[in-house]
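Asker: Take the sequence shown: its letters are residues 9 to 456, numbered as in our numbering. C-beta atoms are modelled at their ideal positions from N, C-alpha and C, and glycine is treated no differently. None of these values were measured; they are calculated from a predicted model. One structure coming up, written as structure tokens, with questions to follow.
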Amino acid sequence: MTSLVAEWRETGKLPAFADHTKLRLLLGTLLYLAQEFPQGIFFAAIPTWLVANGQSTAVVASAVAAAGLPWSVKFLAGLFIDRYTWRPMGRRRPWLIGSQTAIVITLIIAALISPEASDTAIVIGVILALSILTAVQDVALDALVVDLTPKAEMGRMNGFMFGGKVIGIAGGTAITSYLLEHYGFSIAMLGMIAFFALPALSVVLIREREGEKLLPWTQGTVTQRAVYHEDWRSILVAALKSLFRREALLVGLLLLTYGIHQNLNDTTDSLFMIRQMGWSQAEYGSMLAISNIVMGAFCLTVGGWFVDRLGPGPIAFWSGAAAMPIMAVYMLDQALWQSDELYIVWYFAKGVPLFLFYLANLVLAMRVTPTATAATSLSVLLSLGTMGFVIASAILPTLEEIGGYQAMFGASAALVFVAGLISLLLKTAQSPSQNSDESVEGEPIAQV
């Protein structure tokens, strides 16, 4: 950090994203922090506000659906981000700056309208608009990371971004919920502008590559060397070609399997806490928040380093191998279920390998993604994890009928182990020190 400040003082500008490791990690953290502030609003704070103000379950469900819909079709945003840009400012920065500016404008409009909880159409419209813009920002940011982060640095980058994500969601939820309850909708939206804009401003100060324009009216030119496509057909063909490569198919299968596991694990945890352990919703929420903060700090400090040091493939395998017996031991003996303290220890013990597996998944997905179609290809790959959520929701009732919590947690443990086994099939085809800019004709040459 000291070197960054010294360089800024000496040259009057910061180094480019592509040229400085610490700057990349800092910017990734800040941009994910900014991105998750609005998610805390539309996924948690506003739905809770609607409930507290007497709105029906149907209204709340519609609000949550409006928040989730854009994230299930992110690949559409990816197509536009890969197809259109203004290259003098970089391939991804124009989309990041544009989406962040639109988020601020949306928050200002929402504050001016200041709807009541009973104005459900307006509230849901605000949620939908914020969700669309945040999804666009997410796709553009992930594509920027794939474009310019060296393969050997992907673990740390994802660890730092995850830390920013956890803090952003927690902060957005807590701050907006407090302001909604005590000061109303208008003040809550204006307050969130300040918290969002501070970290979001970082992308305005940093170029993607040295020599590019910082802003439209400043000096600079096109400097990027990476292969890219300028028409819909070539983008789709290149994206499909990359996704049907052996490594990408295996990573997609791993993400699908892990997605089924994750939803089974998370949903069963909530049912187990409330129904079996007798915890209140507030106690469950507090436990979830503390867990996310602790694991976010773990990923931010050492988790990403482990993934880079040992490789995402080995981390995925050993995390799956470690999580399965930890989950099984607790489930085998129902006598252990009587102690809150034992449950808390078990919850955090399994959380460590599961969060490491999550980080490894993100790194694997980014490593098999070509820079030329990074926004499209990565969005499609990550959507397989979401598809796994849908499958898990469908099979959960059957598992409950077959064997209750033991069957539900047992299936989750088995699936994370299977996902780890899939990672053993991945091959190495590139030195970790090589950058993804060296892909050829839009095809990924990936070290996994």
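1) By the three-class DSSP mapping on this structure, what secondary structure does M285 have?
2) Taking 7 Å as the limit between beta carbons, can you name the residues of its chain near V147, skipping five residues before and five after?
3) Which residues in the same chain as F51 place their Cβ atom closer than 6 Å to its Cβ, once the five residues preceding and following it in sequence are excluded?
4) For the region 120 to 127 against the region 36 to 45, do three or more pairs of beta-carbon atoms, one drawn from each stretch, fall closer than 8 Å, so that the two count as touching?
5) List the whole-angstrom C-beta distance separating A24 from E161, where the pair is believed to meet the contact cut-off of C-beta under 8 Å.
6) Check whether the Cβ atoms of I111 and L141 sit closer than 8 Å, and answer yes or no.
7) Quick one: which unbroken beta strand (DSSP E) runs of 3-plus residues sit fully inside the region 256 to 319? Chain order, please.
8) Among the residues of its own chain, which have a CB less than 7 Å from the CB of D348, if the five just before and after it don't count?
9) Of all the options V371, D277, L350, I430, which has the alpha carbon lying nearest to the alpha carbon of A415?
10) Comparing alpha-carbon positions, which option in V153, S126, W313 lies nearest I54?
11) Below 8 Å between beta carbons: does that hold for L272 and S391?
12) Roughly how far, in whole angstroms, is the beta-carbon of L188 from the beta-carbon of A196, given that I think they are within contact range, below 8 Å?
13) Give every residue of the same chain whose Cβ lies closer than 7 Å to the Cβ of L367, excluding the five residues on either side of it in the sequence, and list them in chain order.
14) Taking C-alpha atoms, which residue in V245, A129, M200, V259 lies nearest to K435?
15) In angstroms with no decimal places, state the Cα-to-Cα distance between I352 and V245.
16) What's the gap between the Cα of M281 and the Cα of V376?
17) Mind pulling the alpha helix (DSSP H) runs of 4 or more residues that sit fully within the region 97 to 146?
18) Pull up the distance between the alpha-carbon of R317 and that of G393, whole angstroms please.
19) Could you check how far apart the C-beta atoms of L77 and V68 are, in whole angstroms? I think they sit under 8 Å.
20) Ordered along the chain, which non-local residues of its own chain (more than five positions away) have a Cβ less than 8 Å from that of G228?
Answerer: Taking the coordinates as given:
1) As a working mapping, residue 285 is identified with position 277 in the sequence shown. Correct three-state label for M285: coil.
2) One-based indexing of the sequence shown puts residue 147 at position 139. If the five residues before and after V147 are omitted, its C-beta is found closer than 7 Å to the C-beta atoms of K82, A85, G86, I89, A383, S387, all from its own chain and listed in chain order.
3) For the purposes of this step, residue 51 is taken as the residue at position 43 of the sequence shown. Non-local C-beta neighbours of F51 in its own chain, meaning closer than 6 Å and more than five positions away in sequence, comprise A75, ordered along the chain.
4) Because the criterion of three Cβ pairs below 8 Å is not met, the region 120 to 127 and the region 36 to 45 do not touch.
5) Taking the first residue of the sequence shown as position 1, residue 24 is located at position 16. Taking the first residue of the sequence shown as position 1, residue 161 is located at position 153. About 15 Å separates the CB atoms of A24 and E161; that is not less than 8 Å, and the two are not in contact.
6) The count along the sequence shown starts at 1 and reaches residue 111 at position 103. The count along the sequence shown starts at 1 and reaches residue 141 at position 133. In contact: I111 and L141 (Cβ atoms closer than 8 Å).
7) Unbroken beta strand (DSSP E) runs of no fewer than 3 residues, entirely contained in the region 256 to 319, are not found.
8) Taking the first residue of the sequence shown as 1, we reach residue 348 at position 340. A distance below 7 Å between beta-carbons, with the five flanking residues on each side excluded, links D348 to the following residues of its chain, in chain order: M285.
9) Stepping through the sequence shown from its first residue, residue 415 is reached at position 407. Answer by Cα proximity: D277.
10) Taking the first residue of the sequence shown as 1, we reach residue 54 at position 46. If we check each option's Cα against that of I54, S126 comes out closest.
11) Translated into the one-based positions of the sequence shown, residue 272 becomes position 264. Translated into the one-based positions of the sequence shown, residue 391 becomes position 383. No.
12) Walking along the sequence shown from the start, residue 188 turns up at place 180. Walking along the sequence shown from the start, residue 196 turns up at place 188. L188 to A196, Cβ: 5 Å. Contact.
13) Against the sequence shown, residue 367 aligns to sequence position 359. G163, N166, G167, F170, C307, G311, G312, V315, listed in sequence order.
14) Position 427 of the sequence shown, counted from the first residue, corresponds to residue 435. Among V245, A129, M200, V259, the Cα nearest to that of K435 is on V259.
15) Translated into the one-based positions of the sequence shown, residue 352 becomes position 344. Translated into the one-based positions of the sequence shown, residue 245 becomes position 237. Approximately 49 Å between the Cα atoms of the pair.
16) Here residue 281 corresponds to residue number 273 of the sequence shown, with the count starting at 1. Here residue 376 corresponds to residue number 368 of the sequence shown, with the count starting at 1. If I take the Cα positions, the gap works out to 38 Å.
17) Considered as a whole, the region 97 to 146 harbours 101 to 121 as its complete alpha helix (DSSP H) runs of no fewer than 4 residues, in chain order.
18) For this step, residue 317 is matched to residue 309 along the sequence shown. For this step, residue 393 is matched to residue 385 along the sequence shown. The alpha-carbon atoms of R317 and G393 are separated by roughly 25 Å.
19) Residue numbering aside, residue 77 sits at position 69 when the sequence shown is read from its first letter. Residue numbering aside, residue 68 sits at position 60 when the sequence shown is read from its first letter. Contact between L77 and V68 is absent: CB atoms are separated by about 15 Å, not below the 8 Å threshold.
20) Residue numbering aside, residue 228 sits at position 220 when the sequence shown is read from its first letter. Excluding positions up to five away in sequence, the list reads P96, M97, R215, G219, E220, K221, L222.
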